[in-house]
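Chains as they are written, first to last, in the working numbering: chain A, 1 to 113; chain B, 114 to 226.
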C-alpha cells in the first residue's frame, strides 16, 4: 500500500526567509502524481504545486518549488521569500492511476514577523 | 482553476440522524471525490465517482455511506444513522477534463452530538 510521510509536525521560518518542508512516500508504482496542498485556518484545501513522476524537471510555481527525487522517493517543498500569508498546514499527497489521494499527516508552518 | 461549492458549510446533527452533504461543481467534470478530515488527523479518501457510478471506495465507506448525482450537477454524500465519530470536515473534490489535479470545495464541517 502507498504511504506518505511528513516527518516535521511543525516548522517555523522568519518572514522573507526560505523554508523546506519534507515529504517521503512509498509505492511500487512507476507512474504517479505528487502534490502539495495548503490548508489555512479556514480549512479550505488549496493546491499549491503538482509534479508528474515521469517528469524529471522539478515543478515551480512562483515562490514555491519542489525537489523531486524519484529514486529516493522524496518530494520536498521549498518556499522562498516566506510571507505571513504562507502560514498554514501543508499536506503532501500522492495519487496513482486511480487518482485517489493518499495524504501525509501535515506540517504546520509558522511565519515569524 | 475549476470551482466547486459545498453546502452546508456547517451541519450539526444528533447521533442516529441522516445527513446529506452537497457538492456543486461550477462546470463540467468527470471525476468526483469525497474525503474527510477528522480534527487533528490525516485527510482520508472515502470514495470516487465517475460516469454516475462509484469508481473506488475505501474501507471507511461502508453501508452507512452512499453517493449519488441526482440531477446531473449536484453530487451528494449521504450518511445514514450518524455516529459521534463521523464528526469531521468533509471535502468534495473534482478533476477537470483532461487533468489529474484535484480541486477542493471549502468543505462541510459535520458535528454529531
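Every residue gets a Cβ at the ideal spot worked out from N, C-alpha and C, and that includes glycine.
Interface residues of chain B facing residue i [CB-CB closer than 8 Å]
i: residue 11 (chain A); result: Going along chain B, no residue has its Cβ under 8 Å from residue 11 (chain A), so there is no contact; the nearest lies around 18 Å.
i: residue 44 (chain A); result: 217, 219 and 220
i: residue 54 (chain A); result: Ordered by position in chain B, no residue passes the 8 Å Cβ test against residue 54 (chain A), which lies about 12 Å from the chain.
i: residue 90 (chain A); result: By Cβ distance, chain B contributes nothing, its closest Cβ being about 12 Å from residue 90 (chain A), past 8 Å.
The beta strand (DSSP E) enclosing residue i, as first and last residue numbers
i: residue 37 (chain A); result: 33-39
i: residue 112 (chain A); result: 107-112
i: residue 26 (chain A); result: 24-26
i: residue 202 (chain B); result: 201-208
i: residue 88 (chain A); result: 88-95
i: residue 133 (chain B); result: 132-138
i: residue 119 (chain B); result: 117-120
Nearest residue (CA-CA) to residue i, options the options
i: residue 160 (chain B); options: B:154, B:152, B:176 and B:121; result: B:176
i: residue 59 (chain A); options: A:78, A:105 and A:21; result: A:78
i: residue 73 (chain A); options: A:51, A:88 and A:61; result: A:51
i: residue 123 (chain B); options: A:29, A:87, A:80 and A:43; result: A:43
i: residue 222 (chain B); options: B:130, B:134 and B:128; result: B:134
i: residue 164 (chain B); options: B:182, B:173 and B:174; result: B:182
i: residue 225 (chain B); options: B:131, B:118 and B:117; result: B:131
i: residue 200 (chain B); options: B:128, B:158, B:184 and B:119; result: B:128
i: residue 101 (chain A); options: A:69, A:18, A:10 and A:27; result: A:27
i: residue 179 (chain B); options: B:138, B:156 and B:166; result: B:166
Where residue i meets chain B, residues with beta-carbon distance less than 7 Å
i: residue 33 (chain A); result: 213
i: residue 25 (chain A); result: None at all; the shortest Cβ gap to chain B is about 14 Å.
Min CB distance residue i to chain D below 9 Å
i: residue 157 (chain B); result: Given the protein chain composition of this structure (A and B), no chain D is represented.
Interface residues of chain B facing residue i [CB-CB closer than 9 Å]
i: residue 105 (chain A); result: 154 and 155
i: residue 94 (chain A); result: Correct list: empty, because the minimum Cβ distance to chain B is about 11 Å.
i: residue 50 (chain A); result: 213 and 214
query: Taking contact to mean at least 3 C-beta pairs separated by less than 8 Å, is the segment 207-224 of chain B in contact with the segment 43-54 of chain A?
result: yes
query: Any contact of the segment 144-162 of chain B with the segment 192-212 of chain B, i.e. 3+ C-beta pairs under 8 Å?
result: yes
task: Tell me, please, whether the segment 186-199 of chain B touches the segment 83-97 of chain A by the rule of three or more beta-carbon pairs shorter than 8 Å.
output: no
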